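To start, the structure under review is shown below, and the notes come after it.
Number of protein chains: 2
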Amino acid sequence: MSFANYRSLYSRLQNYRDIQSVLQWDSEVMMPSKGREARSKQLSEMSRLTHELFTGEEFTRVLESAQEEVAKMPETDPLRNKRLRELDLIRYRRSKSSKLPTAFVQKLSEKTNLAQGIWESAKKNQKFSEFSSTLEELVNLAKEQADFYGYENEKYNALIDDYERGATADFLNTLFQDLKKDLIPLIDGAKSHSNPFAKMEKNGMKGIPVANQEAFCKKLPSALGLHENESRLDKSAHPFSTSLGPKDKRITTRYDELDPLSSVFGVMHEVGHSLYEAGLSEIEEAPHPIAEFLSLGVHESQSRLWENQVGRSHAFWQYYYPIALECWNLSEKDLPFDTMMSTIRSVSKSKIRVEADQLTYNLHIILRFEMERDLIAGKIAVKDLPEIWNAKMKDYFGLKIDNDAEGVLQDVHWCMAAFGYFPTYTLGNIYSAQLFAAFEKKHPKFHEQLAKTGDTSELLKWLRANVHHKGSEFSVDDLVFDATGEKPNSQALVAYLKEQVSS
Amino acid sequence: MSFANYRSLYSRLQNYRDIQSVLQWDSEVMMPSKGREARSKQLSEMSRLTHELFTGEEFTRVLESAQEEVAKMPETDPLRNKRLRELDLIRYRRSKSSKLPTAFVQKLSEKTNLAQGIWESAKKNQKFSEFSSTLEELVNLAKEQADFYGYENEKYNALIDDYERGATADFLNTLFQDLKKDLIPLIDGAKSHSNPFAKMEKNGMKGIPVANQEAFCKKLPSALGLHENESRLDKSAHPFSTSLGPKDKRITTRYDELDPLSSVFGVMHEVGHSLYEAGLSEIEEAPHPIAEFLSLGVHESQSRLWENQVGRSHAFWQYYYPIALECWNLSEKDLPFDTMMSTIRSVSKSKIRVEADQLTYNLHIILRFEMERDLIAGKIAVKDLPEIWNAKMKDYFGLKIDNDAEGVLQDVHWCMAAFGYFPTYTLGNIYSAQLFAAFEKKHPKFHEQLAKTGDTSELLKWLRANVHHKGSEFSVDDLVFDATGEKPNSQALVAYLKEQVSS
Numbered sequence: 004m005s006f007a008n009y010r011s012l013y014s015r016l017q018n019y020r021d022i023q024s025v026l027q028w029d030s031e032v033m034m035p036s037k038g039r040e041a042r043s044k045q046l047s048e049m050s051r052l053t054h055e056l057f058t059g060e061e062f063t064r065v066l067e068s069a070q071e072e073v074a075k076m077p078e079t080d081p082l083r084n085k086r087l088r089e090l091d092l093i094r095y096r097r098s099k100s101s102k103l104p105t106a107f108v109q110k111l112s113e114k115t116n117l118a119q120g121i122w123e124s125a126k127k128n129q130k131f132s133e134f135s136s137t138l139e140e141l142v143n144l145a146k147e148q149a150d151f152y153g154y155e156n157e158k159y160n161a162l163i164d165d166y167e168r169g170a171t172a173d174f175l176n177t178l179f180q181d182l183k184k185d186l187i188p189l190i191d192g193a194k195s196h197s198n199p200f201a202k203m204e205k206n207g208m209k210g211i212p213v214a215n216q217e218a219f220c221k222k223l224p225s226a227l228g229l230h231e232n233e234s235r236l237d238k239s240a241h242p243f244s245t246s247l248g249p250k251d252k253r254i255t256t257r258y259d260e261l262d263p264l265s266s267v268f269g270v271m272h273e274v275g276h277s278l279y280e281a282g283l284s285e286i287e288e289a290p291h292p293i294a295e296f297l298s299l300g301v302h303e304s305q306s307r308l309w310e311n312q313v314g315r316s317h318a319f320w321q322y323y324y325p326i327a328l329e330c331w332n333l334s335e336k337d338l339p340f341d342t343m344m345s346t347i348r349s350v351s352k353s354k355i356r357v358e359a360d361q362l363t364y365n366l367h368i369i370l371r372f373e374m375e376r377d378l379i380a381g382k383i384a385v386k387d388l389p390e391i392w393n394a395k396m397k398d399y400f401g402l403k404i405d406n407d408a409e410g411v412l413q414d415v416h417w418c419m420a421a422f423g424y425f426p427t428y429t430l431g432n433i434y435s436a437q438l439f440a441a442f443e444k445k446h447p448k449f450h451e452q453l454a455k456t457g458d459t460s461e462l463l464k465w466l467r468a469n470v471h472h473k474g475s476e477f478s479v480d481d482l483v484f485d486a487t488g489e490k491p492n493s494q495a496l497v498a499y500l501k502e503q504v505s506s
Numbered sequence: 004m005s006f007a008n009y010r011s012l013y014s015r016l017q018n019y020r021d022i023q024s025v026l027q028w029d030s031e032v033m034m035p036s037k038g039r040e041a042r043s044k045q046l047s048e049m050s051r052l053t054h055e056l057f058t059g060e061e062f063t064r065v066l067e068s069a070q071e072e073v074a075k076m077p078e079t080d081p082l083r084n085k086r087l088r089e090l091d092l093i094r095y096r097r098s099k100s101s102k103l104p105t106a107f108v109q110k111l112s113e114k115t116n117l118a119q120g121i122w123e124s125a126k127k128n129q130k131f132s133e134f135s136s137t138l139e140e141l142v143n144l145a146k147e148q149a150d151f152y153g154y155e156n157e158k159y160n161a162l163i164d165d166y167e168r169g170a171t172a173d174f175l176n177t178l179f180q181d182l183k184k185d186l187i188p189l190i191d192g193a194k195s196h197s198n199p200f201a202k203m204e205k206n207g208m209k210g211i212p213v214a215n216q217e218a219f220c221k222k223l224p225s226a227l228g229l230h231e232n233e234s235r236l237d238k239s240a241h242p243f244s245t246s247l248g249p250k251d252k253r254i255t256t257r258y259d260e261l262d263p264l265s266s267v268f269g270v271m272h273e274v275g276h277s278l279y280e281a282g283l284s285e286i287e288e289a290p291h292p293i294a295e296f297l298s299l300g301v302h303e304s305q306s307r308l309w310e311n312q313v314g315r316s317h318a319f320w321q322y323y324y325p326i327a328l329e330c331w332n333l334s335e336k337d338l339p340f341d342t343m344m345s346t347i348r349s350v351s352k353s354k355i356r357v358e359a360d361q362l363t364y365n366l367h368i369i370l371r372f373e374m375e376r377d378l379i380a381g382k383i384a385v386k387d388l389p390e391i392w393n394a395k396m397k398d399y400f401g402l403k404i405d406n407d408a409e410g411v412l413q414d415v416h417w418c419m420a421a422f423g424y425f426p427t428y429t430l431g432n433i434y435s436a437q438l439f440a441a442f443e444k445k446h447p448k449f450h451e452q453l454a455k456t457g458d459t460s461e462l463l464k465w466l467r468a469n470v471h472h473k474g475s476e477f478s479v480d481d482l483v484f485d486a487t488g489e490k491p492n493s494q495a496l497v498a499y500l501k502e503q504v505s506s
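Here it is as structure tokens:
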């Protein structure tokens, strides 16, 4: 009964989190602008309830009894290890929270709230100097946080662990340096194509109207496996996906009339996240920790896989090209198939991470990883960041940065003190390439089938079995190894990118 | 400080209620159908939190200290009475909740949940006999509830009080019998007009397409005074309005292609509710009980006033007729002004309450009031309800009821054990007519102004001062008297209806 008691408490916690997700989704997608003040109060009330429940004495007591109960299970019982893993997952997360003194958490939250405004204004004024002292405070707080957590070798490890449990700076560095070595020559040889949609004009309208783009995008979630009566797709300023319950997944996207492909890939990206969440919800143990997402890197692997390995494939567009043309109200002459595929595969050296193509994107991440590692280690100073940033951009991309807004100030992550988050994006790309390569080996006819019928259910089935339904039962290393026969490494990603660039 | 402590606890309660409103709104308007199960859990979790906080010991303690503090205020302090009233409001509501044993509340909730399905199926089969024994249980539970509450004269009084504090069966009966006496001859002399939209056909489409109706309806909320960035209008199966925060009011409506006027009046009705809520939120003491809505009857008076006194007026349509025509893509020839006004004022003896015109609507309510009063008093038996219903329909409307679905089974209220709710609808009509007549007297140029410019701000200003901003500071009787110089009575309503029927 003790284990059941802990789970009943955890279900309530999950309920609170789902409620927070509803409040958050509504505020991003539906809420009238003046509703913000009241909504903040509602969200902070739910945060308080969640925090109190999660860190409270009742939870401690219940967990201890559960631990005793599970320890007494016969070692031959196959459930025993699974139960122990579940208790480990939850105690690990609780112990991290409990290591941070309340005063520190409050200070960090206040500082990052303030930093947001300062960063926005510095970015607008294109002046890093306006943000420099704020960032220095945030870096110091992050170091303090690492000290509270405790760490091996370097403080940065403690921070990475918040987003990708078990990953270390050394592990990432080995992966990323291998990848960088292969990426730089690939980028140099890649082709850039101009955007064909920018030139289109029909009935006095430039590009593809939002309604037409929407018509195509709305077909994708259910076609890829998200049930229509368990999900919805809306518009928001920043695309995201969220789970409001086991059978209630919400996706948002934004539309650019001059670039309908960006909304397509945006939707496929978020569908990937939601398919993972939907798969997790199917696990018998849901909504308990053993059935939660394993790491941010694994979460990102699911979005990237559908966005890139599927969405940018020849086979996908062989099936979807005529459908897209019809939705977009275009003829083959307006947009020949080859032109579209070249646009999809185009590599252009963007200064901005969020506008980068799939090849250069990883280089953007490696640059940030190297810098935040040195920053947290105290090897470089905050005031020198713009100079270092610009030198790396010249070195890796051959690009000259003209102002801090298009350089070191472009991303929001550091002003949220989220040091250690960036690497999970490239981990996602690495895992997705490995997973997809393993899947392709087992299902060599997948592309043929996809091109003919648009059917991707075989892929979803494989991901369900090898990733989604495994929840958090195993480590990332073990999950990747079991699914692919290899430890995490960048070879599959490089092979995939090479093929993309050359074809 | 004690009063402030109580208020801080009450703010949290209000926060919980707002969160429930967000969850509820989303479930009616946005949620994918399969999300229902998880949403029920979220809603019941919030109910539990709200109930625990409201009835808990901490609240009792804090209220007692507040009471002591206020009692010590000098009697000359003008705030003293207001504070006492606020504490009375909250203690009154808490004492009602606390009078019901938990086991009884649970039983009532289970029975009404079950009753819903039985009623739906009985209605579908047009057989009251299938619902009879269930209704009998519900009537008995309602009587038990009245016993727990305690009452004077008759049990029904205790039930009415849940919806309209202070109203009694005798008070309602006097009001309603006066009204009935005037209504029956009026109905006999009134004219019925056929629906002109049912005959329209353009581009192979019958009636007015939803998008065209929406275009007109979307103009109304902000035109009538709901700020655009503080509200939104959506579609839902059952129209409603709700407050998700002081500056976040949500309205929904439904569209019938053959009857665009029904969505217009539906929107104006819900706008009326939301304008009241928005006005309450402006009170300095919001979100505390003294700044909450006074009674269901008063709430309904605000929706009816905008729907009927404004929305069905000649002046309103003098301004909005050309705008509506343009939105609906109609010419004056398609829909002459006089035809439209006749349709708006048309009186037809419907068997169904929710389809009734403004004149016969009240007779539907009076019929229900008389029946539920006798039912709770034990003067009539559940099994005889269809016979009594049908006899009254013949007597008041001259209509023959062919089956129970169009008779005694038509409404959901009784299967929710909401005995005493119906009268608040007609109270709303009575108050709205009195309030509007008083306003007209003070602002004789209102109609002229409305016809010319569509401006209704003078009316809103008057309602803010005389109703909205008074919150719950005074009794309904006092509020109506202060605003109109008269106690609640049906004369203004009869005068209004006479004018509607004759012009």
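Chains as they are written, first to last, in the working numbering: chain A, 4 to 506; chain B, 4 to 506. Even for Gly, the Cβ is constructed at its ideal location relative to N, Cα and C. Since this is a predicted model, take the numbers as computed values, not measurements.
If residue i sits next to residue j, beta carbons under 8 Å apart, how far is it from one beta carbon to the other, in whole angstroms?
i      : j      : result
B/I211 : B/W320 : So it is not a contact: roughly 16 Å between Cβ atoms.
B/L229 : B/S304 : Not quite, the Cβ-Cβ distance comes to about 18 Å (not below 8 Å), so this is no contact.
A/V483 : A/Y434 : 6 Å
B/K130 : B/D407 : 6 Å
Grab the span of the alpha helix (DSSP H) containing residue i for me, first residue to last.
i      : result
B/S246 : Careful: B/S246 lies outside any alpha helix (DSSP H), inside the beta strand (DSSP E) at 244-248.
A/K397 : 388-400
B/S353 : Where B/S353 is concerned, there is no enclosing alpha helix (DSSP H), given that its DSSP letter is neither H nor E.
B/L138 : 132-152
B/W122 : 105-127
B/T487 : 479-487
A/T363 : 361-380
B/G282 : 263-285
B/E231 : It is not in any alpha helix (DSSP H) - B/E231 carries neither H nor E in the DSSP assignment.
Can you name the residues of chain B whose CB is closer than 8 Å to the CB of residue i?
i      : result
A/I22  : I22, L26, Q45, E48, M49
A/L12  : Those within 8 Å of A/L12 in chain B number zero; the least Cβ separation is about 12 Å.
A/R467 : Those do not exist, as A/R467 stays about 18 Å from chain B at its closest Cβ, beyond 8 Å.
A/K250 : P35, K37, G38, E40, A41
Cβ closer than 7 Å: which chain B residues qualify as neighbours of residue i?
i      : result
A/N432 : Near A/N432 there are no residues of chain B at all, since even the closest Cβ is about 30 Å away, more than 7 Å.
A/E61  : Those do not exist, as A/E61 stays about 14 Å from chain B at its closest Cβ, beyond 7 Å.
A/S36  : N232
How is the beta strand (DSSP E) around residue i delimited, first residue to last?
i      : result
A/L333 : That residue, A/L333, is in no beta strand (DSSP E); it is neither H nor E in DSSP.
B/T459 : First-last for B/T459: undefined, no H or E at that position.
A/K238 : 234-238
I want to verify the contact list: residues of chain A whose CB lies under 8 Å from the CB of residue i, in sequence order.
i     : result
B/R15 : E48
Helix, strand or coil: how does DSSP classify residue i here?
i      : result
A/A315 : Reading off the sequence shown, one finds Arg at residue 315 of chain A, where the question assumed Ala. Coil at A/R315, not helix or strand.
A/R257 : coil
B/S473 : Correcting the residue type first, residue 473 of chain B is Lys in the shown sequence and not Ser. DSSP places B/K473 in helix when its eight states are reduced to three.
A/D251 : strand
A/A69  : helix
B/L155 : According to the sequence as given, residue 155 of chain B is Glu; it is not Leu. B/E155: coil per DSSP, three-state reduction.
So which residues on chain A does residue i lean against when the C-beta distance must stay under 9 Å?
i      : result
B/T116 : Note that residue 116 of chain B is Asn in the sequence shown here, rather than Thr. In chain order: nothing, as chain A lies at least about 20 Å away.
Quick check: does the Cβ of residue i come within less than 7 Å of any heavy atom belonging to the ligand HEM?
i      : result
B/K102 : Among the components modelled here there is no ligand, and therefore nothing to report on the ligand HEM.
Using a cut-off of 9 Å between C-beta atoms, extract the partners of residue i located in chain B.
i      : result
A/P447 : Under the 9 Å cutoff, chain B gives no residues; its nearest Cβ is about 35 Å from A/P447.
4-residue-minimum alpha helix (DSSP H) runs that sit fully inside the stretch 406-449 of chain A, ordered along the chain: 426-445
Unbroken stretches of the alpha helix (DSSP H), 4 residues or longer, contained in the stretch 163-226 of chain A: 172-192, 213-220
Length at least 4, wholly inside the stretch 31-61 of chain A: the alpha helix (DSSP H) runs in chain order: 39-58
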